[in-house]
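Data block below; observations after.
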Amino acid sequence: YTLSLHDALPISHNESGHGPWSGPSERIMTLPGPPHPPEAPQILEAMQDRIHISWSLPTNDGASEVKGYVILAVREGSGTMVRMEVSTAEPVWLRGLQGNTHYSVMVAAVNEVGTGSYSRVTEVITGPVAPEPPTQARH
């Protein structure tokens, strides 16, 4: 693991105002942690069996470079998931979805420590499914 070093220069504050800065404290070393979640993903386009999505970088990488992202689409009602791993924050097509179906989509960033928390959910309904051709009518 890579260690991060932080200096702290405390200052007191009360109703009368701020006091003088104290001297430097001892250095504090922290281990890296998982990255913070990105913002909720944006749906750029929804087709019958796939969605085109984008997301932002996490606000904090956990003191370890983000190596990739996990995208989840959870189908409403069944809990069935479609999962995709990618190495960059470029927009992607998430494939393998069912048409005319409600999904909850979320993204998590991954670094050497592990997978961070998932983003807030974005809801989407995939594109319509063409109807089946009519069958022969009975007389």
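Quick note on our numbering: the sequence shown kicks off at 258 and runs consecutively.
Virtual Cβ for every residue (Gly too), placed ideally from N, Cα, C.
Computed from a predicted structure; not experimentally measured.
Spatial neighbours of proline 291 within its chain, please: CB distance less than 6 angstroms, with the 5 preceding and 5 following residues excluded, ordered by chain position.
Gly319, Val370, Gly371, Gly373
Evaluate leucine 351 with the Cβ neighbour count: other Cβ atoms within 10 Å of its Cβ, from every protein chain shown; 16 or more gives buried, anything less gives exposed.
buried
How far does the beta strand (DSSP E) with histidine 275 in it extend, from its first residue to its last?
274-278
Any C-beta of chain C under 8 angstroms from that of threonine 392
No chain C appears in this structure, which consists of one protein chain only.
Could you work out which residue in Val386, Met304, Val381 is closest to proline 298 when comparing CA atoms only?
Looking at the Cα atoms, Val381 is the closest of the given residues.
Under the three-state reduction of DSSP, which class applies to valine 367: helix, strand or coil?
Strand, per DSSP.
Which of helix, strand or coil does DSSP assign to tyrosine 360?
Strand, per DSSP.
Alpha-carbon spacing of valine 343 relative to leucine 329, whole angstroms
Rounded to the nearest whole angstrom, the CA to CA distance from valine 343 to leucine 329 is 12 angstroms.
Looking only at its own chain, which residues have a Cβ that is under 6 angstroms from the Cβ of asparagine 357, when we skip the five neighbours before and after it?
Pro385, Val386
Am I right that isoleucine 308 and threonine 383 are in contact with their C-beta atoms under 8 angstroms? What's the rounded C-beta distance?
Contact between isoleucine 308 and threonine 383 holds, since their C-beta atoms are separated by about 7 angstroms, short of 8 angstroms.
Neighbourhood of tyrosine 258 by C-beta, 7 angstroms cutoff - its chain only, sequence neighbours within 5 removed
In this prediction, tyrosine 258 has a pLDDT of 40, which is less than 50 and means its spatial position is unreliable; nothing more can be read from the coordinates.
According to DSSP, simplified to helix, strand and coil, what is arginine 307?
Arginine 307 falls in the strand class under three-state DSSP.
Can you give the Cα-Cα distance for asparagine 271 and proline 281, rounded to whole angstroms?
21 angstroms
By Cβ distance below 6 angstroms, which residues in the same chain neighbour proline 277 in space, the five residues on each side in sequence not counted?
none
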